[in-house]
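Residue numbers (the numbering used here): 18 to 349. As structure tokens, the structure follows; a few thoughts come after it.
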């Protein structure tokens with residue numbers, strides 16, 4: 018059915034009702050071109066929001082003030098109570114995307130989220146048990162290192178797809194730009210989300226395990242004295258000398274002269290986000306530790322994930338808080 022409506026052009030209101038088809042200022046919407054339809058919709062939007070400039074300015078001011086105040090509160094919270102801040106942020110990272118994807122019926126994401134949650138819950142349960150099983154530290158670092166590498170690869174591939182689409186390379190394979198862009202953005206989202214969430218769970222598990230082993234304490238002195246042939250990360254003996262070539266893995270010595278299993282100290286620094294010795298807390302020289310240039314981007318990637326945590330975990334909450342203020346004040 019053709020529709021006729023009322024618009025306002027140049028300050029003059031025209032009544033385009035359904036009952037007055039014979040008036041010259043009425044026209045059939047179905048006969049308009051797409052550009053003309055867009056102009057009509059644009060005119061209707063301006064007519065609807067006419068006189069709301071002050072309200073819009075007030076909403077923008079509320080948004081800016083809330084963002085500034087929220088940023089200050091989060092910074093102070095992180096500095097004064099880092100443990101509670103990290104736990105709440107981890108919960109936000111886990112729940113906020115789940116809410117939106119459930120609402121949008123993104124079943125593919127929900128399936129991967131469920132698999133990740135089940136495996137990570139089991140790994141976290143093992144990491145928090147006392148006494149700690151001798152195989153648990155390696156199990157924890159293997160899972161989170163695997164997750165870290167997968168998320169890194171998916172994120173890089175998704176970013177590459179987005180860039181190739183912007184340069185039009187998708188046309189060579191006869192792929193529509195919107196399909197290629199959706200695919201690339203989806204992969205980038207998966208890589209960043211699981212990369213951030215996995216690193217936060219890994220840090221929590223690393224703290225629990227190190228405290229249980231007894232050679233590490235977040236504050237104060239360790240409860241055990243570290244021997245030269247014991248790895249402070251997993252608490253197991255070191256069987257390969259630093260100068261020898263191991264069959265499965267080598268032994269690594271930090272600048273503070275404490276020695277560790279190479280797999281353990283890499284997991285501690287990169288997966289667990291600890292850039293210090295697990296025993297004496299001396300800062301680790303990551304450039305010296307990761308001499309291979311192909312490994313250095315992984316350190317930079319971890320810093321990028323830390324920066325994106327605010328956008329994923331807290332930005333939706335702040336925007337929701339702003340919308341709540343606007344609703345209470347009657348601003349629409």
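Built from N, CA and C at the ideal position, the CB exists for glycine as well.
key: Straight-line Cα distance separating residue 145 from residue 229   = Position 212 of the chain shown, counted from the start, is the residue given in the question as residue 229. Position 128 of the chain shown, counted from the start, is the residue given in the question as residue 145. Those two C-alpha atoms are separated by around 8 Å.
inquiry  = Measuring CB atoms only, is the stretch 86-101 touching the stretch 327-339, in the sense that at least three cross pairs come out at less than 8 Å?
reply    = yes
DSSP three-state assignment for residue 296, whether helix, strand or coil = For the purposes of this step, residue 296 is taken as the residue at position 279 of the chain shown. Correct three-state label for residue 296: coil.
task = Check whether the Cβ atoms of residue 367 and residue 296 sit closer than 9 Å, and answer yes or no.
result = The chain is shown only over 18 to 349; residue 367 falls outside these bounds and no answer can be derived.
query = Which of the three DSSP states, helix, strand or coil, is assigned to residue 276?
reply = Locating residue 276 in the chain shown gives position 259, counting from the first residue. Three-state DSSP puts residue 276 in a strand.
task = If I'm right that residue 294 touches residue 248 with Cβ under 8 Å, what's the distance once you round it to whole angstroms?
result = Counting from 1 along the chain shown, the entry for residue 294 is found at position 277. Counting from 1 along the chain shown, the entry for residue 248 is found at position 231. Contact doesn't hold; Cβ gap of about 12 Å is too wide.
ask   = What number of angstroms, rounded off, separates the C-alpha of residue 105 from the C-alpha of residue 87?
value = By one-based count along the chain shown, residue 105 stands at place 88. By one-based count along the chain shown, residue 87 stands at place 70. Their Cα atoms are separated by approximately 15 Å.
query = residue 125 by DSSP, collapsed to three states: which one?
reply = Position 108 of the chain shown, counted from the first residue, corresponds to residue 125. Residue 125: helix per DSSP, three-state reduction.
request  = Take residue 16 and list the residues in its own chain whose beta-carbon comes closer than 6 Å to its own, dropping the five residues that flank it on each side.
outcome  = Residue numbering for the chain in the displayed model covers 18 to 349; residue 16 lies beyond these limits and cannot be assessed.
ask   = When you compare only the Cα positions, how much space is there between residue 274 and residue 174?
value = Walking along the chain shown from the start, residue 274 turns up at place 257. Walking along the chain shown from the start, residue 174 turns up at place 157. Near 39 Å, if we compare the C-alpha coordinates of residue 174 and residue 274.
inquiry  = Which residues does DSSP list as the beta-bridge partners of residue 114?
reply    = By one-based count along the chain shown, residue 114 stands at place 97. DSSP, once it has assigned bridges, lists no residue as partnering residue 114.
query = Can you check whether the CB of residue 343 is closer than 9 Å to the CB of residue 79?
reply = In the chain shown, the residue the question calls residue 79 occupies position 62. In the chain shown, the residue the question calls residue 343 occupies position 326. Their beta carbons are under 9 Å apart, which means residue 79 touches residue 343 by this criterion.
task = Could you check what DSSP says for residue 268 in three-state terms: helix, strand or coil?
result = Taking the first residue of the chain shown as 1, we reach residue 268 at position 251. If DSSP states are grouped into helix, strand and coil, residue 268 belongs with the strands.
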